[in-house]
Structure formats: C-alpha cells, structure tokens
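Report on one structure; see the data block that follows.
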Amino acid sequence: MVHPSELLPSEVWNHVFSYLSEAEKSCVRVACTYFRKLIDHPSLWRNWSVVLDFPDGSYYPFFWETLRRRKVTGVVLRTSKSKHIEDVAWSLPGLTTLVMEGCDAANLECLKSFKNLKSLAIRSADVVHLSMVSQPEQLTHLSLCNLPYIGTYETISAVIQFKNLASLSLHVITWGIPFSKIRCILASLPKLKHLALHVSFPRSSRDDFDVSEPNASQLTSLELFAMSYPLPENAMKLMPKLKRLTMYNKDGPQERPGNRPQSVMSKWLSDLHELSTLVIVEGPLVKEYVASIPATLMDLTLRISKFSLEDMAAVAAQTPNLQRLHLDTWPSHLGVNVSQIPKLFPKLKRLAIRFAHVPEKNFLDLHQLQDLEILEILDSHPDLPVLVQRLRILTRYRLRVLIPPYQRDVLSCLCVSGMYC
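So that you can map any letter, position 269 of the sequence shown is 269 in the UniProt record's numbering, and since no number is skipped, the others follow by simple counting.
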C-alpha cells in the first residue's frame, strides 16, 4: 500500500520543506523513512554549514553519511584535538569551507588533509602556519580573527602567498594593520575583491600618501574596523572601483583636538563615484559628511547615536534611489519620525529600525511603502506581535517582518558584534 505522503510528487514536498527552519526539518525527518530521504536532499541544505565540537568524542558513521547525503561543504570546528580534525577531512572529502576556532600549531598541520579547500577562517590562534594549506592556489577566501600574538610582518607575509584570494579579512591582530600596508596587500593580491582590516594609524602618519602610480586594484568592497584618526584624505584614489564601504569608528561625534574626521569622510565619499553600499558605525555627525554621499547609493546602514529629522531629510535628498535602509540610532530614537520614512524614501524594499518609542500610528504608517518587502525590527517589545500582524494586514500580507532573536551565520566572526553591540 502506498504511504499517503507518497501520493504527492517529491518535487512538491521539496518545495514545501524549503520553507521550514532547521529545527522543523529535523522534526519532519523522523516522521517516516520517505520524509527522511526527502529532507536530506542537497537542495534543502544549500549554503548550510555545521558546527562540530565533538562533545562526546568521535561522531558515529551514520552522522557523517547524513552530512555527505546533504552535500555539506561548510564546517565550523571547535576542537583542539588533531584526531577530530583528521576525522572531518576523511569523512567530508568535498569540504570547501572550514572555520577553525582555538587551534594550535599541531591543529594547523592538519590543513594539508583538506584537498578541496577554497575558504579558510582561523580564529583565536597563537600561530599562523598557513604554509600547511594543501592547495594554496585554490584558496579564494581567507579570514584571520583574534590573533593576539601575531605581528604585522608575519601576518602580511602569511597571506600574500595566496595569489588567487578574492576575499581577505584581518581582524583584531595585535595592534592592527597600518593603513599604509593596504597598498602592499593590493599589489600582492591582484584578484582581491573584498578586504576587511582592523587598522591602526600611527600618530605621526601623514595626511596623504602617494597615489601617483597607476592603480589596477579590482577591490570592490572595503571594511575598516576600529577606525581612529588622522587618516589619509586621498586613500580612496587607490580603490576607484569600490562599490561597498564599511567604517566602524572607534570614536563618536565628539571630535578630538587636531583631528578632522568629518573632512576625511567627506573626501573619501566624494572620491567614490560607483559606491552602492555604505555602512557607518559611530564617527562624525551625519551633517558633517551627508553632502558627499554619492547619489549612486542603493544600500545605507547608519548605526549612530545622534540622528534628527533634518539629518534624515538630508540623507534622503542625497539618495533618491535608496532601496535598503538600516537605521540604528540607539540610545536616541526615531519616535514619530518613523512616519516620515515612506515620504522620504519611497523606493525602499528593505527597512531595519528599532521599535522602542515609536507610537503605534507612526509604526503602521510604514504600510505606505509600496515596494517594501522586508521589515526588520532590531529590538524586542511585548506589543510587537499584534502590531506586526496589523501591519501585514494593511500590506495584504506582502510584507515579511523579522523580529528578534535572529539566527547568526555560524561562518561569520564575532569581531564586529563584540566591539560595537
């Protein structure tokens, strides 16, 4: 007799299961053998990564078989035993993404066992023996985070051997990477598209540095963590193709004597004619650099402590085609100004704001955003579920609303959230 679940084609079930969370998939999987087979289909686990901490020693063979059926290619390893790392390499030969946390020199020796590695992240390690990577020419993504005993020279020497890198992240390494070393990194890694640095700026650094030589950098995304001042005003001329700029500033709007952060940011923004995404955490007041924000901007994130209605209007005037806006103005709040967002940013498709101190009427005014697809609420409130439902009714259920808590990407590091959240 045919099981009722088999009356529908597997493609239909696959589509239904695609809407389930990881926990929901696990519940459905134990219902019957047929569902277990369907749930383990690779299409339902695309871009999914597993965290392995070996709490009870080695995993059972059927566990590895399940991961292979799902064609899992990303693993976060939280173990200090080389045997466990070798088990992963042997059991998942198709692994392309590996995150190693809390590793030592012996653990890094095991890197040679991963033959298909394309993305590697090392966190909280005392040493960097990247020469153990089996196929260095295959590596396209490299991230080094929280390496307190590694110097600038050792770090740069270790990374520039990977000539095909498209993405490089160097976070919280000793005292940071001097900004002047960016030129060296770009020259050594010609295919680099994304660069993230925990930067340092010596007090004696010059306002500018030489950019007279022709620059062939392909860099399109730059992230600078723990920014302080002074900064070279002409730095962006090294990266003329930049489309995404992220700046996590150490200081708030109170400018220190002798520094000119507002003029630096204005000059940087005015030199980026192809910029489409801008992320700013703290730093100078918005009014100091808003006039330099390019009209090409499509995605803007502001995590700042002061933001007035006048600032909002000024930003809107500079960004007529903005589609994604993330406003986190804590400890201040948007309040009734939320109702002005549909008028100032009518083309928004995604919006992220805090709900605190926003009156009900002003919150519901967001239904006027005709193109809005996703609304992300950054804080919790007991009234949210009811108001969210009312808002969805007003939008005829076209709006998707995200509320805390959010599921964090296990492949991402905690460097930024640890410093600024």
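Ideal Cβ placement from N, Cα and C applies to all residues, glycine included.
- When only Cα atoms are considered, I293 and S270 end up about 7 Å apart.
- S18 sits close to L44, with the two beta carbons spaced by under 8 Å.
- The distance from the Cβ of V386 to that of N362 is about 16 Å, inconsistent with a contact at the 8 Å cut-off.
- Taking the C-beta atoms as reference points, K115 is found no nearer than 8 Å to S91.
- In the three-state scheme derived from DSSP, where H, G and I count as helix and E and B as strand, G74 is classed as strand.
- According to DSSP, residue pairing for R400 in a beta bridge involves I374.
- Looking at N249, T246, K250 and H273, the one whose alpha-carbon comes closest to that of K237 is H273.
- Going by DSSP, M247 is part of the beta strand (DSSP E) stretching over R244 to N249.
- A distance of 8 Å or more separates the beta carbons of I122 and C110.
- Residue pairing by DSSP places E101 opposite R123 in a beta bridge.
- Counting only runs that start and end inside the segment 152-179, the beta strand (DSSP E) elements of at least 3 residues fall at 167-173.
- CA-CA distance, E86 to L222, rounds to 35 Å.
- For I341, the secondary structure class from DSSP, reduced to helix, strand or coil, is helix.
- N146: member of the beta strand (DSSP E) spanning H141 to L147, first to last residue.
- According to the DSSP secondary-structure assignment, T277 is paired through a beta bridge with R244 and D299.
- Short of 6 Å from the beta carbon of I280, and not among the five residues preceding or following it, lie these beta carbons of its own chain, in chain order: M247 and L302.
- DSSP places R69 outside any beta strand (DSSP E); the residue lies instead in the alpha helix (DSSP H), whose first and last residues are P61 to R69.
- Residue pairing by DSSP puts E223 in a beta bridge opposite A196 and T246.
- Sequence-distant Cβ neighbours of Q370 in its own chain, meaning closer than 8 Å and more than five residues away, are P346.
- When the alpha-carbon of D365 is set against those of T395, E310 and A187, the nearest one is in T395.
- A direct Cα-Cα distance of roughly 50 Å separates S113 from V388.
- If you ignore the 5 residues before and after K349, its C-beta comes within less than 8 Å of the C-beta of Q323, R324, D371, L372, E373 and I374, all in its own chain and listed in chain order.
- For the pair V315 and V286, the CB atoms are nearer than the 8 Å cut-off.
- Bounds of any beta strand (DSSP E) do not take in S82; it lies within the alpha helix (DSSP H) bounded by S82 to S91.
- Beta-bridge partners of I293 (DSSP): none assigned.
- Apart from sequence neighbours up to five positions away, the residues of its chain that approach S380 with a beta-carbon distance below 6 Å are P404, ordered along the chain.
- In its chain, beyond the 5 residues on either side, T96, T97, Q138, L139, T140 and H141 have a beta carbon closer than 8 Å to the beta carbon of K118.
- Ranking S217, F225, S49 and R244 by CA distance to the CA of K250 puts F225 first.
- The beta-bridge partner set that DSSP reports for A352 consists of H326 and E376.
- As the crow flies, the alpha-carbon of I353 is around 5 Å from that of I377.
- Excluding the 5 residues flanking it on each side, E360 has same chain C-beta neighbours closer than 7 Å at L387, in chain order.
- Less than 8 Å separates the beta-carbon of L399 from that of R392.
- Taking a 10 Å sphere around the C-beta of T33, we find fewer than 16 other C-beta atoms and assign the residue as exposed.
- Counting along the chain, S49 sits inside no alpha helix (DSSP H); it lies in the beta strand (DSSP E) bounded by residues S49 to L52.
- Of the candidates H84, R29, H198 and A196, the residue whose Cα lies closest to the Cα of D56 is H84.
- Distance between G74 and R68, taken at the CA atoms: about 11 Å.
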